[in-house]
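Trainee: Residue numbers (our numbering), protein chains in the order written: chain H, 1 to 523; chain G, 1001 to 1523. Just so it is clear, CB atoms sit at the ideal spot from N, CA and C, and this is done for glycine as well.
Written out as structure tokens, the structure reads:
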């Protein structure tokens, strides 16, 4: 009862109901109006049969109804399941079944998935159309859910450790894992974030990175609790980002490095007034230093970096604006720009060897994390949970080195994972799909460096004797079954895969040609 | 294991051991040195027999050893008992016995109390001299405790809800009550405070308000966890305050309103350079608006107000710098300066009627508070705890009105308590002492307004037939037995006290002559 996610909305709704809360295309709402909408929605969801602990999935672009869904679920004690909008229907079906989702909210861009979803999702009662245009036949309108409902709602007295959201992430086994985040996780992270960002009531935050991802969603709580303004852009697009910042005098936003690159590269970049920005946040994948330097030079504010992971709700460490300034201006401090900063107050981080002992400065080891922000566990996956959280410490799988100034740099990844454009890709999941390709003997995929996406997926395949296939064919096969960002950008045909004596595929051998001997083996 | 008070020190000790942590007269220490000192002290305390849950009391002025004692106790899982330096020996003995204190640390100004303390404190093993001059005979030197001890110490794995401090406050029954604050209470408050103050590593905080009081001690955690610099002034003195701010480029400090008044009134005020100040904090008692206006005019930074209480660890609400600016500059917003602001994020506050229902805007009711910062309870006083915390809400006894803008104003106090110079005085405690005066028939004390102290104690006495006494005699009698701030400043002799039909003393009748019909019945 001490830390409830819904408290983040209760505060501004009570203290400044007249204050602007939302700018979303032609919609503007005060906190009073927004909270009333959340209450109507919570009442509507209740009428539709959603109760405490029930899952409600959201397959939407960014808009204020998404934000209302977050808080309405929290008020009900229901569990929100924000879906990655790039998933393909089989992946979505898996998640809806794993989470026993009862209701799904969907926007226009994803209607093509609907038939497969309805066929496969065993617990799904209804699908609501949450977009703002005409409601397609066969779908229930969002507006029906809230129509006639009361503006008042008494939030469920949820406990600090009650789960408020399943945030799906990939899995080394190939199955997505539902990260269970509690009231305490989300609220603690809001304070950790706040201690880095210092959101105030005059801040205007632009949701342009996708709201299903915690990199953006974390700011929901920190910004709302201080009564800041939420500005929405439906989906990332460089020109739209620039327009919205200028038009609404946006002060903060988060971008993944790939987005930063697109924004800077836009032909009209120099024509927009970005002076309202107080900071821009970046995270979710490593930032190439040349790109970071370019961003500092061209964007009229200092960046802030957040490093974290869904399991940590998500913030673990940050590199401050001041650190960026020093790293940019002082050649002796240039190394700062290649680091992931320092652990934020409230979160404990250690770099340990395989025996769990903290390593010395300058030595590489795995990052482990402890704090009130660490997830309760993975839904329905006790073994994966026990593997991830040992002795109270979350084992990140990221390999880092701490220097003598207390800053650490990510140098490698223990998990067989690729990060492309800010999205995590587990190689097993991709390999499992490729193996279904007719005539496939064996395959492995690795991440290779890419200027635009940081890393991209490269597949190595061995066909059965007398079988043949084209690169494009295999890629297309994957794109039918996997979110496109997970699919190989290139396929190499080999006669055999390099293997260890024990028969284990030597991915490192394949990576070598692309990564060379760089200290940093991740992008 | 998620929120431990010692984490606030572990972070800077690990991340920036070379960074300046302490400026205390001619002592300067980095975080590495300071933390090593804390570890030696923890080891020394352990050698002296202090273990998990044992109480260690501190009767000290402000210095870095006090700060080390806080963290050494936290590292050990021992309980620190910071003593109000103005208490008289009988009050101290009560607390040492109530808390079963094993070790006491004492500074020179309090040596006169020592004999009575040693005679009365039943669980006290040893007394250490923590001041910096020659160690008086019969006392153990602080330096002996740490000499030869290891710089390393593995903190006890305390739980979030383990008690880390007993912070004594007065009691309506006349007995001081030990407020039990846990790891989670102290760390949560650090984040609540941080969301208001935004301490950074470049901040320099001046401990000039007494460190036994949570108004100052709260900043210990918030400032340390971000690696700020602690500057110490032994005890409040207006000239010393001005000197230290100027000399060490102090950025933040907390003052109670009485201290603000003294500082502004100092003859040399205008000769000091105070431009390093980023904010000054005030709290602990209501701030007279004319004094606040004078402070805004003369001190070259905006104030921040914190409202709270020991039981809330302590922060509940704040009035921001921006609110002060608006209240000062805009006549239509001048009312802001008379309020206690708005509840901080993370803390729930309601104003309720005697039935526990939230009252409407504009109606007076009791402030009740809920959050991860609310104390575990009062030590050894389950009835008082049950009375204070009902249905999870702490009942403050402060009466307030919330306006239509969400700001609230303290208008009265339900508890029979007087606040003088930032110190809480429970009238029963004073009355109990006066009743011991020879020939006393009955007495009651009330708080009356005072320009310097906010409120002061005024006693009304009725002597037995044929008995007589002088005002000065009664005041001196009290000063032998009570901290001087609790003693009456004036005594009125009456032939009888005004009483209700049921025989209850009508304090309101006595107050009327001093408070009139003002809406605000507290200062």
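Just mark residue 523 of chain H as buried or exposed, buried being the case when its beta carbon has 16 or more other beta carbons within 10 Å.
Mentor: For residue 523 of chain H, the number of other beta carbons within 10 angstroms of its own is at least 16, and it is reported as buried.
Trainee: Throw me the rounded Cβ distance for the residue 525 of chain H and residue 72 of chain H pair, which I believe falls under 8 Å.
Mentor: Past the edges of chain H, shown from 1 to 523, lies residue 525 of chain H, and the structure says nothing about it.
Trainee: Give a yes or no on contact between the segment 1189-1203 of chain G and the segment 1310-1328 of chain G, applying the rule of three or more CB pairs nearer than 8 Å.
Mentor: Counting Cβ pairs under 8 Å, three or more are found: they touch.
Trainee: Restricting to Cα atoms, I'd like to know which of H:280, H:258, H:68 is closest to residue 237 of chain H.
Mentor: H:258
Trainee: In chain order, which beta strand (DSSP E) runs of at least 3 residues are fully inside the segment 280-333 of chain H?
Mentor: 302-308, 315-319
Trainee: Residue 74 of chain H and residue 23 of chain H look like a contact to me (Cβ under 8 Å); what is the Cβ gap, rounded to whole Å?
Mentor: Residue 74 of chain H to residue 23 of chain H, Cβ: 22 Å. No contact.
Trainee: Please state the DSSP three-state secondary structure of residue 1397 of chain G.
Mentor: strand
Trainee: Determine the contact status of residue 1031 of chain G and residue 1099 of chain G, defining contact as a CB-CB distance below 8 Å.
Mentor: no
Trainee: If contact is defined by three or more beta carbon pairs under 8 Å, each pair taking one atom from either stretch, is the segment 1145-1153 of chain G in contact with the segment 1083-1094 of chain G?
Mentor: They do not touch, by the three-pair rule.
Trainee: Please work out which residues of its chain come closer than 8 Å, Cβ to Cβ, to residue 1161 of chain G, disregarding the five sequence neighbours upstream and downstream, and give them in chain order.
Mentor: Non-local C-beta neighbours of residue 1161 of chain G in its own chain, meaning closer than 8 Å and more than five positions away in sequence, comprise 1182, 1183, 1184, 1376, ordered along the chain.
Trainee: List the residues of chain H whose Cβ lies closer than 8 Å to the Cβ of residue 1194 of chain G, in chain order.
Mentor: Result: 191, 194, 195, 345.
Trainee: Considering only C-alpha positions, which residue in the set H:260, H:345, H:266, H:501 is nearest to residue 303 of chain H?
Mentor: H:260
Trainee: Name the residue from G:1364, G:1350, G:1293, G:1497 whose alpha carbon lies nearest to the alpha carbon of residue 1334 of chain G.
Mentor: G:1293
Trainee: What residues from chain H crowd round residue 1348 of chain G, counting only those whose CB sits closer than 7 Å?
Mentor: 7
Trainee: Using 10 angstroms around the beta-carbon of residue 1102 of chain G, count the other beta-carbons present and answer buried if the total reaches 16, otherwise exposed.
Mentor: buried
Trainee: At 4 residues or longer, and completely inside the segment 347-400 of chain H: list those alpha helix (DSSP H) runs for me, N to C.
Mentor: Qualifying alpha helix (DSSP H) stretches, in chain order: 382-388.
Trainee: Return the Cβ separation of residue 1425 of chain G and residue 1485 of chain G in integer angstroms, given the expectation that the two are a contact with Cβ distance under 8 Å.
Mentor: 7 Å
Trainee: Would you call residue 1436 of chain G buried or exposed, if buried means 16 or more other Cβ atoms sit within 10 Å of its Cβ?
Mentor: Classification of residue 1436 of chain G: exposed, given that the 10 Å Cβ count is below 16.
Trainee: At a CB-CB cut-off below 7 Å, which residues of chain H make contact with residue 1524 of chain G?
Mentor: It is not possible to answer for residue 1524 of chain G, since the shown part of chain G is limited to 1001 through 1523.
Trainee: Could you name the residues of chain C that residue 1016 of chain G contacts, counting a contact when the two beta carbons are closer than 8 Å?
Mentor: Among the protein chains of the structure shown, namely H and G, there is no chain C.
Trainee: Taking only beta-carbon positions, decide if residue 466 of chain H is within less than 8 Å of chain G.
Mentor: no
Trainee: Does DSSP put residue 1450 of chain G in a helix, in a strand, or in coil?
Mentor: Strand.
Trainee: If you measure beta-carbon to beta-carbon, which residues of the segment 206-234 of chain H are closer than 8 Å to chain G?
Mentor: 225, 226
Trainee: Name, please, each residue of chain G whose Cβ falls closer than 7 Å to the Cβ of residue 392 of chain H.
Mentor: 1001
Trainee: Compute the distance between the beta-carbons of residue 197 of chain H and residue 70 of chain H, then report whether it is under 8 Å.
Mentor: no
Trainee: Check whether the segment 1352-1371 of chain G and the segment 1400-1414 of chain G are in contact - that is, three or more C-beta pairs closer than 8 Å.
Mentor: Between the segment 1352-1371 of chain G and the segment 1400-1414 of chain G there are three or more C-beta pairs closer than 8 Å, enough to call the two in contact.
Trainee: Look up residue 196 of chain H in the DSSP assignment and say whether it is helix, strand or coil.
Mentor: helix
Trainee: Out of curiosity, what's the CA-to-CA distance linking residue 1464 of chain G and residue 1309 of chain G?
Mentor: 39 Å
Trainee: Show which residues of chain H have a CB atom less than 8 Å away from the CB atom of residue 1342 of chain G.
Mentor: 15
Trainee: Please check if any C-beta of chain H sits within less than 8 Å of the C-beta of residue 1324 of chain G.
Mentor: no
Trainee: Across which residues does DSSP place residue 107 of chain H in a beta bridge pair?
Mentor: Beta-bridge pairing links residue 107 of chain H to no other residue.
Trainee: With DSSP run on the structure shown, which of helix, strand or coil describes residue 1423 of chain G?
Mentor: strand
Trainee: Provide the residue span of the alpha helix (DSSP H) that contains residue 221 of chain H, from first to last.
Mentor: Looking at the DSSP string, the run of the alpha helix (DSSP H) that includes residue 221 of chain H is 214-225.
Trainee: Report the partner residues of residue 1527 of chain G according to the DSSP bridge assignment.
Mentor: Because chain G is modelled from 1001 through 1523, residue 1527 of chain G falls outside the range shown and cannot be assessed.
Trainee: Pull up the distance between the alpha-carbon of residue 1414 of chain G and that of residue 1396 of chain G, whole angstroms please.
Mentor: 9 Å
Trainee: Below 8 Å on the Cβ atoms is my contact criterion, and I expect residue 233 of chain H with residue 254 of chain H to pass it. Report the Cβ-Cβ distance as a whole number of Å.
Mentor: Not quite, the Cβ-Cβ distance comes to about 12 Å (not below 8 Å), so this is no contact.
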